[in-house]
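Since the structure comes first, as structure tokens, the remarks are kept for the end.
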Amino acid sequence: MNVIEQIEAEEAKRVMGERSHPDFSAGDTLRVQVHIKEGTRERLQAFEGVCISRSGGGIHESFTVRKMSFGEGVERVFPLYSPNVESIEVKRRGKVRRAKLYYLRDLTGKAARIPERTTGRGMAEMRARRAKKGKKS
């Protein structure tokens with residue numbers, strides 16, 4: 000292991016220990032809170048859309064979120080461990096059979112819908128969170 004790999008491994012261990020993200024995959028609808036700097040002001044902006052891919056590994060891992068804004072498709076790539084990413088919230092679990100959903104770029108309207116996953120990995124956590132949210136109301 001050379002010096003750069005050693006430094007990256009130490010940094011990855013430190014960053015991954017501080018931050019925890021929900022378990023999500025392609026097809027899930029996410030709300031990503033991002034720090035935006037406009038001149039001297041800084042604010043949080045929510046970017047909500049469908050995760051169409053995850054790539055990389057370790058500290059270099061990133062994911063792509065796609066949404067429709069005023070009839071125009073908008074995609075944004077977020078590094079998973081970026082200091083600008085404040086939080087990631089899974090709004091809905093999607094049932095897909097692909098790791099990369101690039102075919103959604105060519106689809107619009109009802110054809111671009113992704114059915115909701117109701118069983119499997121991560122669903123017990125989603126149900127518990129929804130039940131807790133319902134009790135607060």
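In numbering that gives the first Met the number 0, the protein residues as written are 0 to 136. For each residue, glycine too, the CB sits at the ideal point set by N, CA and C.
Under 8 Å between C-beta atoms of GLY26 and LEU100: Yes, the Cβ-Cβ distance between GLY26 and LEU100 is below 8 Å.
As assigned by DSSP and simplified to three states, the class of ARG13: Reduced to three states, the DSSP call for ARG13 is helix.
Separation of GLY119 from GLU60, as counted between CA atoms: Cα to Cα, GLU60 sits roughly 24 Å from GLY119.
ILE3 and VAL49 closer than 8 Å at C-beta: No, Cβ-Cβ distance for ILE3 and VAL49 is not below 8 Å.
contact_flag[the region 63-83, the region 18-36] where n(CB pairs < 8 Å) is 3 or more: Judged by Cβ distances under 8 Å, the region 63-83 makes contact with the region 18-36, as three or more pairs qualify.
Beta carbon of ARG75 nearer than 8 Å to that of VAL64: yes
Segment contact, 8 Å Cβ cut-off, at least three pairs: the region 44-58 with the region 86-102: Contact between the region 44-58 and the region 86-102 is present, with at least three C-beta pairs closer than 8 Å.
ARG104 in three-state terms, based on DSSP: Helix.
Beta-carbon spacing of LYS90, ARG30 below 8 Å: yes
ARG129 versus THR107: straight-line alpha-carbon distance, rounded: 29 Å
Delimiting residues of the beta strand (DSSP E) encompassing GLU74: Looking at the DSSP string, the run of the beta strand (DSSP E) that includes GLU74 is 71-78.
Which of helix, strand or coil DSSP assigns to LYS94: coil
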